[in-house]
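Notes for the one structure printed next.
2 protein chains.
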Amino acid sequence: MLHARVYGGERVSVPQTVSAQSSALAAGGAEASRVLERVEERMAALTGRHGSVLAHHARETISAGGKRLRPLLVCLASGVPVAESDALVRAAAAVELVHAATLVHDDVLDGSSLRRGRPTVVATGGRLIATATGDLLFSRAFAELAGGGSVEAVRILSRAASGLAAGELMQRADAWNDEVTVERYLERCRLKTAVLFRGACELGALCGGGPVAALGEFGEQIGLAFQLLDDVLDVTGPPERTGKPRGTDLLDGTVTLPLIEARMRDPELRAVDLRELRTADAAAALCDRIAATGALELARGEALAFVDRAKATLPRLPERQRGALELVADGVVERYS
Amino acid sequence: MLHARVYGGERVSVPQTVSAQSSALAAGGAEASRVLERVEERMAALTGRHGSVLAHHARETISAGGKRLRPLLVCLASGVPVAESDALVRAAAAVELVHAATLVHDDVLDGSSLRRGRPTVVATGGRLIATATGDLLFSRAFAELAGGGSVEAVRILSRAASGLAAGELMQRADAWNDEVTVERYLERCRLKTAVLFRGACELGALCGGGPVAALGEFGEQIGLAFQLLDDVLDVTGPPERTGKPRGTDLLDGTVTLPLIEARMRDPELRAVDLRELRTADAAAALCDRIAATGALELARGEALAFVDRAKATLPRLPERQRGALELVADGVVERYS
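Residue numbers (our numbering), protein chains in the order written: chain H, 1 to 337; chain A, 1 to 337.
Shown next, in the form of structure tokens:
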């Protein structure tokens, strides 16, 4: 409820946490905004090299924007963000470049034609160019970190990137599988989403000399909350807010928490075979059925519990830093609520 | 001619430089062999983590083998290879992992079903799993290097990986383009192939405390020779040696040196539009036509010239190291000649 009005007059094509992010950014102070500006400049400069074709597609990908939630986390986890800190700006840019790379590859695999209201790289350049653009964004991310001179930073990012790929593989392996347990679902969420949130916080802490492990744990918990809420939004929509039809995951065979929980409550849902789900109407009907079991409230409750846990894991920090991180944590579950 | 007999009794499905590599390895001494054994163990261990699906595909990819030319270069460029050198083994494994990652992605894009006589990841696991497997091999490569503690090593590999992706993009951008110049073709070869040969030699030199820039230059020159010969082999075949029909590049719209040179010599070839080339027979006929102009001898001569230049750039090195590196240089243009 809290932030719904913010979206009123805005063309929103993908999930946004703009208002919560803005609050967190404001709480981070003017210096946090300056860091993020430098991150934008840095990414623009990085994607402006490597010849015209790449320059075009990588630049389009980066300039299409997004929430920049991960760079914000790097920034806030660093404690006192300093726009002149080369290491901090590099780390924040690297995390966003890895995120952008995975989105470009995801769009290739899903054959998606739009993201953030713009044509995807695969739609304009084809599969080869999109795959190479993703690979290049990956490589640039590591080059960026290596340029900062911290091997520990590279270690953190490569661990996160390995997790993302393993998460994609796990999602594929579990597609159409009725037997996916809650534990396995959570492990998939951890890999495909939470590891990069963890990495962002660890990198920030590393740059700021803060508690790396504790802030990493905070990042992982809000990453889990973020993914759980994403999966709830796939069922609830509304499409005009989420930018995709309800039940898109279900049509892809992706078994998420709302479906797992709904199946425990409704015996008839246990008999549903996702492979037989073919149309958007059928998917929407299944979403209604899932909603009727109360599974969405439960999944949303789980997401909120992860946010609470995230806040509880926050170590002793300066008041202002803690406040800003808590705002981000709240923000990940406040989309369209 | 020199090594043709070696292949007589062997099932060969892709270009091999086995004999030259064996000689170079022998020249590198028993220690070089032990380093490469440790690289194999290391890659097997690395690809054995990350859950069962990934483990399976990554392991299959790595165990399918290959020439291991790049790890050999890392090893020989290090001077005195020491199997106990963690940094050396990590660097060699990382280079091969990046190479493997690009092959997996290439197979996705080409829809290739076989590589090295085995089913590709995309053939057995589908596009999503193959893309994620490639991403994971990339990430593991950087994790591997970062684990070795050298940020300069990460810098070298990320620069090489960026080049590979940019090279793929350039090849795509230039597809079907009659106007590709020799200079632009060479720049593409440099990016898509030679940068990783350069990186392998730079990493080896870094590990061994040798002359990084000079050995990097050597690597780049033999990488160019390697790619030029690959492009000659696409035209000459024979398919039972190269593992693919003659003219595969031409059918993909890839304009290589033999075609560029042949067009300068045969006005009728200038009128050929690759887009109208549809069948294997037509491709084979075009290959014959290219061969008739003498362009292949010229391209092969260019490759040999790069080998000569590579040898000439070799700095003052211990006799044995120099000898082994020269054998590798000769080997890259001795395939099936």
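Where is the CB? At the ideal position from N, CA and C, for every residue including glycine.
Query                                                                                                                                : Result
Length-filtered (3 minimum) beta strand (DSSP E) runs lying within the segment 50 to 119 of chain H                                  : none
C-beta neighbour in chain H for GLU168 (chain A), strict 8 angstroms                                                                 : yes
Cutoff 6 angstroms; reference ALA194 (chain A); Cβ partners in own chain excluding five residues on either side                      : GLU220, GLY223 and LEU224
Outcome for GLY294 (chain A) when other beta-carbon atoms lying within 10 angstroms are tallied against a minimum of 16              : exposed
Neighbourhood of ALA166 (chain A) by C-beta, 6 angstroms cutoff - its chain only, sequence neighbours within 5 removed               : LEU191
Alpha helix (DSSP H) segment containing THR313 (chain H), residue limits                                                             : 295 to 313
Any 3 or more C-beta pairs closer than 8 angstroms across the segment 202 to 215 of chain H and the segment 171 to 185 of chain H    : no
GLU144 (chain H) in three-state terms, based on DSSP                                                                                 : helix
Exposure label - ARG263 (chain H); buried when at least 16 CB within 10 Å                                                            : buried
Buried versus exposed call for GLU240 (chain H) [16 or more other C-beta atoms within 10 Å across all chains shown]                  : exposed
GLY79 (chain H) vs GLN227 (chain H) beta-carbon contact at 8 angstroms                                                               : no
Pick from H:THR102, H:ASP234 and H:LEU250 that is closest to LEU137 (chain H), judged by C-alpha positions                           : H:THR102
7 angstroms Cβ shell around ALA100 (chain H) - same chain, five flanking residues per side excluded                                  : THR61, ILE62 and LEU137
Whole-number beta carbon distance between VAL35 (chain A) and LEU88 (chain A), since they are thought to touch under 8 angstroms     : 6 angstroms
Proximity of LEU274 (chain A) and LEU250 (chain A) at Cβ, strictly below 8 angstroms                                                 : yes
Where GLY147 (chain H) meets chain A, residues with beta-carbon distance less than 9 angstroms                                       : VAL151, ARG155 and SER158
Where the segment 181 to 213 of chain H meets chain A: residues whose CB sits under 7 angstroms from a CB there                      : none
Within-8 angstroms CB hit, SER22 (chain A) to chain H                                                                                : no
Contacts that ILE129 (chain A) makes with chain H (C-beta to C-beta distance below 7 angstroms)                                      : LEU169 and ARG172
Chain A contact for THR124 (chain H) (CB, 8 angstroms cutoff)                                                                        : no
Close-in-space but distant-in-sequence residues of the same chain around ILE260 (chain A) (CB under 7 angstroms, 5 per side omitted) : VAL180, VAL182 and TYR185
Residue from A:LEU314, A:SER150 and A:HIS105 whose Cα sits closest to the Cα of ALA130 (chain A)                                     : A:HIS105
Within chain H, partners of VAL255 (chain A) - CB distance below 7 angstroms                                                         : Near VAL255 (chain A) there are no residues of chain H at all, since even the closest Cβ is about 15 angstroms away, more than 7 angstroms.
Nearest-angstrom Cα separation, counted from GLU302 (chain H) out to ALA200 (chain A)                                                : 48 angstroms
Where ALA161 (chain A) meets chain H, residues with beta-carbon distance less than 7 angstroms                                       : SER139
Where ASP150 (chain H) falls: helix, strand or coil (DSSP)                                                                           : Reading off the sequence, residue 150 (chain H) comes out as Ser, not Asp. SER150 (chain H) falls in the coil class under three-state DSSP.
Other residues of its chain near GLY216 (chain A): CB distance less than 6 angstroms, five sequence neighbours each side excluded    : ARG198, CYS201 and GLU202
Straight-line Cα distance separating GLY237 (chain H) from LEU229 (chain A)                                                          : 55 angstroms
Chain H within 8 angstroms of ASP341 (chain A), Cβ atoms only                                                                        : The requested residue 341 (chain A) does not occur in the structure, where chain A is confined to residues 1 to 337.
Contacts that ALA165 (chain A) makes with chain H (C-beta to C-beta distance below 7 angstroms)                                      : ALA132, ASP135, LEU136 and SER139
Of the residues H:VAL151, H:PRO258 and H:SER113, the one placed nearest LYS244 (chain H), counting alpha carbons only                : H:SER113
Collapsed DSSP secondary structure at GLU10 (chain A) in the structure displayed                                                     : Because GLU10 (chain A) sits at a pLDDT of 31, beneath the cut-off of 50, its placement in the model cannot be relied upon, and the point is left open.
Coil, strand or helix - PRO239 (chain H) by DSSP                                                                                     : helix
C-beta contact flag for VAL154 (chain A) and VAL151 (chain H) at 8 angstroms                                                         : yes
Alpha-carbon to alpha-carbon, LEU325 (chain H) and ALA58 (chain A)                                                                   : 38 angstroms
Under 7 angstroms from the C-beta of LEU109 (chain A): neighbouring residues of chain H                                              : ARG127, LEU128 and THR131
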